[in-house]
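Chains as they are written, first to last, in my numbering: chain A, 263 to 376; chain B, 274 to 385. Backbone N, C-alpha and C define an ideal beta-carbon position, used for all residues, glycine too.
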Amino acid sequence: DSGVTQTPKHLITATGQRVTLRCSPRSGDLSVYWYQQSLDQGLQFLIQYYNGEERAKGNILERFSAQQFPDLHSELNLSSLELGDSALYFCASSVGQQLNSPLHFGNGTRLTVT
Amino acid sequence: GENVEQHPSTLSVQEGDSAVIKCTYSDSASNYFPWYKQELGKGPQLIIDIRSNVGEKKDQRIAVTLNKTAKHFSLHITETQPEDSAVYFCAASIIGAQKLVFGQGTRLTINP
Chain A
263 DSGVTQTPKH LITATGQRVT LRCSPRSGDL SVYWYQQSLD QGLQFLIQYY NGEERAKGNI
323 LERFSAQQFP DLHSELNLSS LELGDSALYF CASSVGQQLN SPLHFGNGTR LTVT
Chain B
274 GENVEQHPST LSVQEGDSAV IKCTYSDSAS NYFPWYKQEL GKGPQLIIDI RSNVGEKKDQ
334 RIAVTLNKTA KHFSLHITET QPEDSAVYFC AASIIGAQKL VFGQGTRLTI NP
């Protein structure tokens, strides 16, 4: 068990809808990262937060947004959903904000857009 | 560049044999290279990592080697066991973009 908790485990919704994915990092970790995993794209970095502030941004669509709250949990909001947004979404956490801080991944949220 | 190329995409070995997975990266400033194992229905789990000031690191049956000049690094698993069957991902730090970039993964199957 990595100590990173993601909810829900599965989410099925329709195109055009909006969903929120939630992540609780490991105790003591200040950084939270979001990754998208699809069959043909591998693990794609979306965004990183450190202690409540956005730290780095990857290939995150404008329809997607995230935030990290004072208690360090994070939420990823996906809106105007399209079929192509169907994927596994992983949250990871680390102690520091440097790139060489080991990442600890949750078990993901599987999003299916129909 | 931000590319991390991983080969092979699938690998099948007999139990007890060794498995080798190779990755190349393009950013010469990369200095952190972790390897993750992902089992079905779970998130990636860190199994070993290496930093650029080290050429080799070993942890029991797992070892990683790094060649900074050639910009490639490899994962070696010896005495493979059925529980080693999983998808393995390499990654490299991309300093300019402040992110970790993952390879496309290798599905390793250990045949009993």
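Can you pull the chain A neighbours of residue i, defined as C-beta to C-beta under 7 Å?
i, result
"LYS315 of chain B", "ASN369"
Mind checking who residue i pairs with in its DSSP beta bridge?
i, result
"PRO307 of chain B", "B:ASP322"
"ARG284 of chain A", "A:THR269 and A:GLU337"
"ILE274 of chain A", "A:THR374"
"THR342 of chain B", "Beta-bridge pairing links THR342 of chain B to no other residue."
"LYS372 of chain B", "B:ILE367"
"PHE367 of chain A", "A:ALA354"
"THR353 of chain B", "THR353 of chain B pairs with nothing; no bridge assigned."
"ASP335 of chain B", "The sequence shown places Ile at residue 335 of chain B, rather than the Asp named in the question. Answer is B:ASP332 and B:ILE350, bridged to ILE335 of chain B."
Go to residue i, then tell me how far its beta strand (DSSP E) extends in each direction, as first and last residue.
i, result
"ILE367 of chain B", "359-367"
"LYS295 of chain B", "292-298"
"ASP332 of chain B", "329-332"
"SER293 of chain A", "293-300"
"GLU315 of chain A", "315-319"
"GLY304 of chain A", "304-312"
"ILE350 of chain B", "345-350"
"ILE383 of chain B", "379-384"
Below 7 Å on C-beta distance, what does residue i contact in chain B?
i, result
"ALA318 of chain A", "GLN371 and LYS372"
"PHE331 of chain A", "Near PHE331 of chain A there are no residues of chain B at all, since even the closest Cβ is about 21 Å away, more than 7 Å."
Chain B partners of residue i, CB-CB under 8 Å?
i, result
"GLY304 of chain A", "PHE362, PHE375, GLY376, GLN377 and GLY378"
"SER355 of chain A", "Simply none; closest approach about 11 Å."
Looking at chain B, is there any beta carbon in it that lies within less than 8 Å of the beta carbon of residue i?
i, result
"SER327 of chain A", "no"
"LEU343 of chain A", "no"
"SER264 of chain A", "yes"
Is residue i helix, strand or coil by DSSP?
i, result
"LEU361 of chain A", "coil"
"GLY346 of chain A", "helix"
"GLU288 of chain B", "coil"
"GLU278 of chain B", "strand"
"GLN329 of chain A", "strand"
Using a cut-off of 9 Å between C-beta atoms, extract the partners of residue i located in chain A.
i, result
"PRO281 of chain B", "Within 9 Å Cβ-Cβ: nothing; PRO281 of chain B doesn't reach chain A, min ~15 Å."
"GLN368 of chain B", "For the record, residue 368 of chain B in the displayed sequence is Ile; it is not Gln. Neighbours of ILE368 of chain B on chain A, chain order: LEU361."
Got a sec: is the Cβ-Cβ distance from residue i to anything in chain A below 8 Å?
i, result
"ILE323 of chain B", "no"
"ASN384 of chain B", "no"
"ASN304 of chain B", "yes"
Determine the chain B residues that contact residue i at a beta-carbon separation under 9 Å, and present them in chain order.
i, result
"LEU365 of chain A", "PRO307, TYR309, PRO317, LEU319, ALA364 and LEU373"
Any beta-carbon of chain C closer than 8 Å to the one on residue i?
i, result
"SER286 of chain A", "In the structure shown, chain C cannot be found, because the protein chains are A and B."
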